[in-house]
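Residue numbers (the numbering used here), protein chains in the order written: chain A, 411 to 530; chain B, 313 to 779. Notes to accompany the following structure.
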């Protein structure tokens with residue numbers, strides 16, 4: 411379970427559907443509503459919003475996002491994230507289910523936080 | 313080519329192979345050299361995974377016929393039905409190893425998604441306008457507790473073998489998946505658990521051997537390269553030698569510190585040869601492997617020294633990411649993806665490679681505009697190689713793997729890959745960059761794409777095996 415500070419409204423959500431605000435680093439936001447059994451990626455796809463993804467099983471990290479506020483639950487072990495990345499709020503959107511309203515940083519830039527060039 | 317005839321590899325001591333029936337491919341490597349026509353189109357997996365382009369990956373058909381009006385252009389794109397695949401390596405349903413199987417054609421490409429574990433079957437009957445005819449969905453693959461398909465080789469009986477790098481969860485162990493000639497999953501080729509890590513493989517039927525190499529668990533290499541993972545022992549350094557007929561592991565050779573991350577493995581093409589090479593990417597060494605009295609050995613024969621770079625804190629390894637052997641078994645070519653050079657070695661004596669020539673294009677030390685200052689820049693180094701069957705034209709692309717590209721050459725995601733070519737003179741042992749040849753994958757309709765492995769319709773130096 412990953413939790414970030416959020417507003418009261420974000421913590422309460424709206425029944426079992428939650429508002430998920432997707433924010434791109436280059437600017438731009440979109441808001442989607444995710445049903446209880448839906449991952450953030452599925453909710454975005456249903457709204458015709460393209461997010462990066464690969465394996466859809468939490469192994470590859472292509473879909474990495476960063477939770478800015480709210481609470482999500484990974485439906486299975488997020489294998490592609492190291493413990494410290496999880497602690498820093500990184501989430502795998504293909505297996506992340508919102509438990510409250512959330513704000514999440516998305517896009518391919520987020521993934522590049524996870525690994526740096528080891529020779530530089 | 314008389315000097316190779318006397319070589320230890322016996323490259324041209326072909327056994328007469330009598331065929332009662334007609335099948336795909338060529339009777340011998342020498343027949344391939346003599347009978348194959350010049351390549352006119354190249355198939356190149358092209359991808360958007362790991363970029364902000366919201367579109368599926370595709371297979372490019374590149375015009376490599378210099379007499380054509382569309383020379384060096386992508387003349388057709390076969391879009392995948394889904395996004396997120398990361399097309400990577402691919403292979404034919406049939407090659408010269410199945411030249412005895414009547415009715416079989418070298419016609420279908422098996423194109424896996426490295427991240428999605430989805431397998432696409434593409435019909436190239438119309439070679440300039442291929443089309444997808446079947447898709448095996450990831451769930452069907454996961455049923456065999458396998459994921460992350462990598463190398464595809466046709467095998468002598470008309471079936472297809474695919475190395476799989478992880479289990480259903482992207483963890484270890486990997487294994488091998490077999491497809492039948494109707495492109496249905498036949499099952500696992502190997503007893504599960506014989507090996508932990510998997511990557512590339514190549515077989516040599518007359519020696520009843522298959523050799524496989526090691527990358528890492530998908531969950532280790534998918535997110536990008538981390539030296540801590542190397543220190544934690546999560547990357548491979550072993551070669552595995554298998555009993556080809558039984559599908560059982562017979563011998564494992566540990567290459568040690570100097571053999572970190574052994575990727576592409578290539579046997580010499582002569583079916584009589586019990587010699588091959590593997591490139592260890594991280595330690596940047598080439599190992600020669602060979603059989604002696606039923607035992608396999610591997611010896612380091614080429615060592616690429618790391619180099620200092622003003623913008624980098626530590627000496628940079630060459631990072632040998634691909635190698636291939638010419639069809640006449642005389643030359644070994646390989647790429648140093650980080651340094652930015654392609655090397656050509658004379659391997660007439662397989663255990664003593666001799667540097668024949670070297671050229672630079674892109675990478676950290678090569679020219680950024682190798683084909684002319686007005687041409688678009690090359691933003692990564694030489695990577696996947698392919699050689700014409702006659703050994704006179706060497707082509708390469710520049711993308712390694714989307715996350716690793718983003719780490720080492722972040723510009724590649726913005727500008728896309730290129731495909732370059734060198735003219736090779738096998739008689740003199742030289743390479744010359746063809747400054748008139750540049751395929752720009754930065755100029756694709758949906759945005760810049762990465763480009764990976766290269767294959768010709770009539771077989772090539774990394775897919776044909778002889779029985």
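C-beta atoms are modelled at their ideal positions from N, C-alpha and C, and glycine is treated no differently. Just so you know, these numbers come straight off a predicted model, no measurement behind them.
- Fully contained in the region 367–441 of chain B are the following beta strand (DSSP E) runs of length 3 or more, in chain order: 370–375, 386–391, 420–424 and 431–435.
- With a threshold of 9 angstroms between beta carbons, residue 491 (chain A) makes contact with chain B.
- Using a CB distance below 7 angstroms, the part of the region 485–513 of chain A facing chain B consists of 489 and 490, ordered along the chain.
- For the region 525–559 of chain B, the beta-carbon criterion of a distance under 8 angstroms to any beta-carbon of chain A is satisfied by 530, 531, 534, 535, 536, 537, 538 and 539.
- Ranked by Cα distance from residue 457 (chain B), the options B:478, B:472 and B:335 are led by B:478.
- By the Cβ-count criterion, residue 765 (chain B) is buried, with 16 or more other Cβ atoms from all chains shown falling within 10 Å of its own Cβ.
- Assigned with DSSP and collapsed to three states, residue 357 (chain B) falls in strand.
- When B:415, B:753 and B:341 are compared, the shortest CA-CA separation from residue 375 (chain B) is found for B:753.
- Note that the region 755–762 of chain B touches the region 358–370 of chain B; at least 3 beta-carbon pairs, one per stretch, sit closer than 8 angstroms.
- Using a CB distance cut-off of 9 angstroms, residue 447 (chain A) does not count as an interface residue toward chain B.
- In the DSSP assignment, residue 524 (chain B) is bridged to B:513 and B:552.
- Cβ contact annotation for residue 391 (chain B) (same chain, cutoff 6 angstroms, sequence separation greater than five): 368 and 370, in chain order.
- Residue burial annotation: residue 525 (chain B) is buried, with at least 16 other C-beta atoms found within 10 angstroms of its C-beta.
- For residue 532 (chain B), same chain residues with a beta-carbon under 6 angstroms away, outside a window of 5 residues either side, are 541 and 546 in chain order.
- Bridge partners of residue 743 (chain B) according to DSSP: B:736.
- At a cut-off of 9 angstroms between beta-carbon atoms, residue 627 (chain B) makes contact with chain A.
- The beta-carbon distance between residue 461 (chain A) and residue 524 (chain A), rounded to whole angstroms, is 16 angstroms. This is too long to meet the 8 angstroms contact definition.
- Looking from the CA of residue 664 (chain B), the closest CA among B:488, B:601 and B:426 belongs to B:601.
- With fewer than three CB-CB distances shorter than 8 angstroms, the region 407–414 of chain B does not count as touching the region 437–454 of chain B.
- Rounded to whole angstroms, residue 741 (chain B) and residue 666 (chain B) show a C-alpha spacing of 10 angstroms.
- Per the DSSP secondary-structure output, residue 476 (chain B) pairs in a beta bridge with B:461 and B:487.
- When B:453, B:750 and B:416 are compared, the shortest CA-CA separation from residue 432 (chain B) is found for B:453.
- Within the region 416–432 of chain B, those residues whose Cβ lies closer than 9 angstroms to any Cβ of chain A are, in chain order, 425, 426, 427, 428 and 429.
- Between residue 520 (chain A) and residue 480 (chain A), the C-beta spacing is not below 9 angstroms.
- Only 461, 462, 463, 464, 465, 466, 467, 468, 469, 470, 471, 472, 473 and 474 from the region 461–481 of chain A bring a Cβ to less than 9 angstroms from some Cβ of chain B.
- Here residue 571 (chain B) is near residue 610 (chain B), since their CB atoms are less than 9 angstroms apart.
- Pairing residue 588 (chain B) with residue 637 (chain B) gives a Cβ-Cβ distance under 9 angstroms.
- In the DSSP assignment, residue 633 (chain B) falls within the beta strand (DSSP E) that extends over 632–637.
- Closer than 9 angstroms to the CB of residue 362 (chain B) there is at least one CB belonging to chain A.
- Taking the beta carbon of residue 481 (chain B) as reference, the chain A residues within 9 angstroms of it are 467, 468, 469, 486, 487 and 489, listed in sequence order.
- Under the DSSP definition of a beta bridge, residue 591 (chain B) partners with B:598.
- Where residue 695 (chain B) is concerned, there is no enclosing alpha helix (DSSP H), because DSSP gives it neither an H nor an E.
- In summary, residue 435 (chain A) is exposed, with fewer than 16 beta-carbon neighbours lying within 10 Å of its beta-carbon over all protein chains present.
- In the DSSP assignment, residue 678 (chain B) forms no beta bridge with any residue.
- DSSP, reduced to helix, strand and coil, places residue 481 (chain B) outside both helices and strands of the structure shown, so it counts as coil.
- By alpha-carbon distance to residue 732 (chain B), the top candidate from B:726, B:716, B:711 and B:722 is B:711.
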